[in-house]
Amino acid sequence: MDKRNRAPRFHIERRASLPWHKSLAVRLLSILAAFIVCAILTMIITGVKPVAFLSTMVYGSFGTPRKMWITAQNIAVLLCISLAVTPSFLMKFWNEGADGQILMGCLASSACMIKLSDSLPNWLLIIVMLVASVAAGMVWGVIPAFFKAQFNTNETLFTLMLNYIATQIVAYFIVKWEVPKGSGQIGIINQNTELGWFPQLFGSKYILSILTAALMTAFIYSYIRYSKHGYELTVVGESTRTAKYIGIDVKRVIVRTMALSGALAGLIGFLLVSGINHTLTTTITGGQGFTAVMVSWLAQFNPIAMIATSFLIIFLERGAIEISSAFTLNQSFSAILTGIILFFLIGSEFFVSYRIRKSANTETGKEQDK
Amino acid sequence: MKKLFAIIMILVLSLSLVSCGKKEEESEPAKFKVGFIFLHDENSTYDLNFINAAKAACEELDVDYVLRTNVPETEKCYETAAELADSGCSIVFADSFGHEDFMISAAKEFPDVWFCHATGTKAHTEKLANYFNAFASIYEGRYLAGIAAGMKLNEMIAAGEFSAEEAKIGYIGAFTYAEVISGYTSFFLGARSVCPTATMEVTFTGSWYDETAEKEGANTLMDRGCKLISQHADSMGAPTACENRGVPDVSYNGSTLASCPNTFIVSSRIDWTPYFKEAIKAKMNGTSLPTDYTGTIATGSVKLTEVNDKAAAAGTQDAINTATKALQAGTLHVFDTTTFTVGGQPLTSYLADVDTDPAYTPDTEVIENGYFNESAKRSAPYFDLQIDGITLLDTAF
Chain B
11 MDKRNRAPRF HIERRASLPW HKSLAVRLLS ILAAFIVCAI LTMIITGVKP VAFLSTMVYG
71 SFGTPRKMWI TAQNIAVLLC ISLAVTPSFL MKFWNEGADG QILMGCLASS ACMIKLSDSL
131 PNWLLIIVML VASVAAGMVW GVIPAFFKAQ FNTNETLFTL MLNYIATQIV AYFIVKWEVP
191 KGSGQIGIIN QNTELGWFPQ LFGSKYILSI LTAALMTAFI YSYIRYSKHG YELTVVGEST
251 RTAKYIGIDV KRVIVRTMAL SGALAGLIGF LLVSGINHTL TTTITGGQGF TAVMVSWLAQ
311 FNPIAMIATS FLIIFLERGA IEISSAFTLN QSFSAILTGI ILFFLIGSEF FVSYRIRKSA
371 NTETGKEQDK
Chain G
2 MKKLFAIIMI LVLSLSLVSC GKKEEESEPA KFKVGFIFLH DENSTYDLNF INAAKAACEE
62 LDVDYVLRTN VPETEKCYET AAELADSGCS IVFADSFGHE DFMISAAKEF PDVWFCHATG
122 TKAHTEKLAN YFNAFASIYE GRYLAGIAAG MKLNEMIAAG EFSAEEAKIG YIGAFTYAEV
182 ISGYTSFFLG ARSVCPTATM EVTFTGSWYD ETAEKEGANT LMDRGCKLIS QHADSMGAPT
242 ACENRGVPDV SYNGSTLASC PNTFIVSSRI DWTPYFKEAI KAKMNGTSLP TDYTGTIATG
302 SVKLTEVNDK AAAAGTQDAI NTATKALQAG TLHVFDTTTF TVGGQPLTSY LADVDTDPAY
362 TPDTEVIENG YFNESAKRSA PYFDLQIDGI TLLDTAF
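If you're matching them up, the sequences are chains B and G in order.
If you read the first sequence in my numbering, its first letter stands for residue 11, the second for the next number, and so on.
If you read the second sequence in my numbering, its first letter stands for residue 2, the second for the next number, and so on.
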């Protein structure tokens, strides 16, 4: 028998569908396996015991009440950004521009804080900031949508490039408003007067972002599940031809959905400046516009599942920071660990959708079992 | 399914066993603990210089320390400072200018913890009992490094490589910020003190760390006929560009001899160890720490690396030693107003923006006894004049 004609021992086949508890088990297993690999790797390379590794990781997120609050706030912000990009993703509009849209929102908020603090009462200033941020984010989202709708431009590149433009615009204004002269940074705006700072809710600076995230989750969930808009954008995502056939104005839906994504990103910009940072830097988003893409995908665009995926990402991030400082390791090492965990998690999706089976001819008898 | 369940159970059990082991808490008396916040990690020469000093100071004083790297200049800096305070740090240091406002926020919240911020400008106006600024009279170090540069130019002129009028220095700066201006001006004055025909061109990158921009800046300057390069930015960009083209380089933040054996002359840097030690000791012993601490040559804060004899002119080390003594004796002042002019005129009076405000209001007279009194009104430099002989190629940043 010719060796080359031998059938492979295994083959891959698509699963019909996995019951939810099985698919959850696969995912949890993959995370567990990832942690074990990480712990072993850490032990081999750095000599840190797996016990210490895991407990430090948990300590990084939950070690003190403050750490828990910060963790919650970080989850909230990442969740908000993920929610903002989700409607466009469901439409299969690959919006990589959340960073830029948020930055424009941040810029609008900061501009109002710096230029209007003296002339407006504080409550009005905050409203103006909010409106300006939402509008700025919306404009930054609508531009690529308009070109996509009218000229079918590639939205991935377009939104990506708009990030760099936004960064440079912000850099320009930072130099314009820098304090002190020449330093290339603005510092905390209105640090002593706290004008334009969103008031603390219930005496805690962390509640605002958590509340925003909760409201936004509810809103996006019902928007895509129950509203006509949500239905339309899903149909456009499935097939623009179908959408046209049943009378959906595809161009309108594209622009409208991106206006929403952009507006929400602008709102997050307001949250970052007025609620959290009270300053403007070119790196204020910390690249979370891209992390959000992963969060949204991992959750398969389900707003509720995004709570879990953004939790996971933040947990890893905060744990990694704690580990690098507790064991004086370079943060690149933490990045390796985060990479391993995400690799396992994304890899597990393969086993949710497919199964590997022994090929029929190797164990002929068992073929009829199923 | 059973198999799957079994695997999960095994994993869960083994993990819970593993996590049971962590219960033994350390019950020894809490050691004095210090926290450090760095903008980048050891890949940046600027942060590396801080990290080395932090480790050296803490190990010498036998105190616990926590290093937090890659902390951005946002609310994250406040959060990190607060977490360090929560975890029992008695002092928290931060190394980047943009950390300042967030350190002040933390200082207001934790009155019992000291917050010491290097390169900041606001401690003397905030008037908080537990918030401090620190810097060093690095302009003196720059001046000394400038002497080495001037002597190298003289050597090249004497060797007939170019005429005295062509003795042009190139300088790559980060921002048009007082710290940078003070740095390149003192460097230039040092060079001109030995090579009177020297001129200088400065280009800015708009970033404290941008290897490509710094390299390009150095290449541009060399293309424009600069015979010697120096920089105030934190990457290896400029030194590498110089080594590639065989142009002598005076570095900053530390020696670049290993990568640039043929062109590295000397480098000035701030050694933060004396400050860290003084602050930690003051907090431990309950004594006071100056609101603005300016390290000097005498405190060991301003340092020059070894002179690289392969690239430097003969006698460089002796000239540096002589000038160091004169600076310490007070007979030599870097910004002596008889040695430079602004707009063709000697300087007799100048109000500097010492108290930081968004309008950059000039507020403090800094010309005293015939010299510009740098780093005396506050620790961070405030010399921001454009003196004759230095040309700025771009001022976008």
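Where a beta carbon is used, it is the ideal one built from N, C-alpha and C, also for glycine.
The structure presented is a predicted model; accordingly, all values stated were derived computationally and were not measured.
Check                                                                                                                                                               : Outcome
In the stretch 336 to 361 of chain G, which residues sit with their C-beta less than 7 Å from some C-beta in chain B, listed in chain order?                        : D354, T357, P359 and Y361
Is there a Cβ from chain B that is less than 8 Å from the Cβ of G:R246?                                                                                             : no
Touching or not, the stretch 262 to 270 of chain B and the stretch 94 to 112 of chain B, by the rule of three or more beta carbon pairs under 8 Å?                  : yes
Look at the alpha carbon of G:L328 and the alpha carbon of B:V189, and state the distance between them as a whole number of angstroms.                              : 32 Å
Does any residue of chain B have a CB that is nearer than 8 Å to the CB of G:T70?                                                                                   : yes
Tell me whether B:V138 sits in a helix, a strand or coil according to DSSP, three-state version.                                                                    : helix
Expressed to the nearest angstrom, what Euclidean distance is found between the alpha-carbon atoms of B:A121 and G:A312?                                            : 50 Å
Could you pull out every residue in the same chain whose Cβ sits closer than 7 Å to the Cβ of B:M11, ignoring the five residues on either side in sequence?         : Unreliable positioning characterises B:M11 in this predicted model, as indicated by a pLDDT of 48, which lies under 50. A coordinate reading is not provided.
Does DSSP classify G:H334 as helix, strand or coil?                                                                                                                 : coil
Within 10 angstroms of its Cβ, does G:K228 collect 16 or more other Cβ (buried), or is it exposed?                                                                  : buried
By the DSSP assignment, the beta strand (DSSP E) with G:M237 in it spans what residues?                                                                             : Segment: none, G:M237 is in no beta strand (DSSP E) and carries neither H nor E.
Could one say the Cβ of B:R365 lies closer than 8 Å to chain G's Cβ atoms, at least one of them?                                                                    : no
Taking C-beta pairs closer than 8 Å, name the residues in chain B that G:A122 reaches, listed in chain order.                                                       : At residue 122 of chain G the sequence reads Thr, which differs from the Ala that was named. Ordered by position in chain B, the residues that pass the 8 Å Cβ test against G:T122 are P190.
Among B:S232, B:P209, B:H21 and B:W79, which residue has its Cα nearest to the Cα of B:L135?                                                                        : B:P209
Can you find a C-beta in chain B that's less than 8 Å from the C-beta of G:D102?                                                                                    : yes
Skipping 5 residues on each side, what residues in its chain have a beta carbon closer than 7 Å to that of B:F157?                                                  : T163 and F168
If we cut at 8 Å on Cβ distances, does B:N287 have a partner in chain G?                                                                                            : yes
Locate the alpha helix (DSSP H) running through G:R379, then write down its first and last residues.                                                                : No alpha helix (DSSP H) holds G:R379; DSSP gives it neither H nor E.
Does DSSP put G:C59 in a helix, in a strand, or in coil?                                                                                                            : helix
Tell me, please, which residues DSSP counts as bridged to G:F265.                                                                                                   : G:D250
Please list, in chain order, all residues of the same chain as B:L355 whose beta carbon is under 8 Å from its beta carbon, the five residues on each side excluded. : R37, S40, I41, A44, L308 and L322
Could you pull out every unbroken alpha helix (DSSP H) segment of at least 4 residues lying fully inside the stretch 281 to 368 of chain B, listed in chain order?  : 298 to 308, 313 to 336 and 341 to 363
Between the C-alpha atoms of B:V144 and G:L145, what's the straight-line distance to the nearest angstrom?                                                          : 54 Å
Where B:E165 and B:V260 are concerned, what is the direct C-alpha to C-alpha distance, given to the nearest angstrom?                                               : 15 Å
Roughly how many angstroms lie between the CA atoms of B:A118 and G:V114, to the nearest whole one?                                                                 : 36 Å
When the cut-off is 8 Å and only beta carbons count, does G:T177 lie next to chain B?                                                                               : yes
Along the stretch 277 to 303 of chain B, where does the CB come closer than 8 Å to a CB of chain G? Name the residues.                                              : I286, N287, H288, T289, T291, T293, I294 and G296
Are any of the Cβ atoms in chain B nearer than 8 Å to that of G:D293?                                                                                               : no
Please report the straight-line C-alpha distance between G:Y276 and B:I314, rounded to a whole angstrom.                                                            : 51 Å
Output, in chain order, the set of chain G residues within a Cβ distance shorter than 8 Å of B:G1.                                                                  : Given that chain B is displayed from residue 11 to residue 380, the structure contains no residue 1 of chain B and the question cannot be resolved.
Roughly how many angstroms separate the alpha carbons of G:G390 and B:I324, rounded to a whole number?                                                              : 53 Å
By the 9 Å beta-carbon criterion, what residues does the stretch 181 to 197 of chain G contribute toward chain B?                                                   : V181 and I182
Using only alpha-carbon positions, find the residue among B:T222, B:F161 and B:I91 that is nearest to B:A302.                                                       : B:I91
Quick check: the Cα distance between G:G22 and B:V61, rounded to an integer number of angstroms?                                                                    : Model confidence at G:G22 stands at a pLDDT of 42, short of 50, so the residue's coordinates are unreliable; what they give is reported in the following sentence. G:G22 and B:V61: Cα-Cα distance of roughly 7 Å.
Out of B:L352, B:E248, B:L277 and B:I196, which one is the CA nearest neighbour of B:I137?                                                                          : B:L277
Identify the continuous alpha helix (DSSP H) that holds G:N286 and give its terminal residues.                                                                      : T274 to N286
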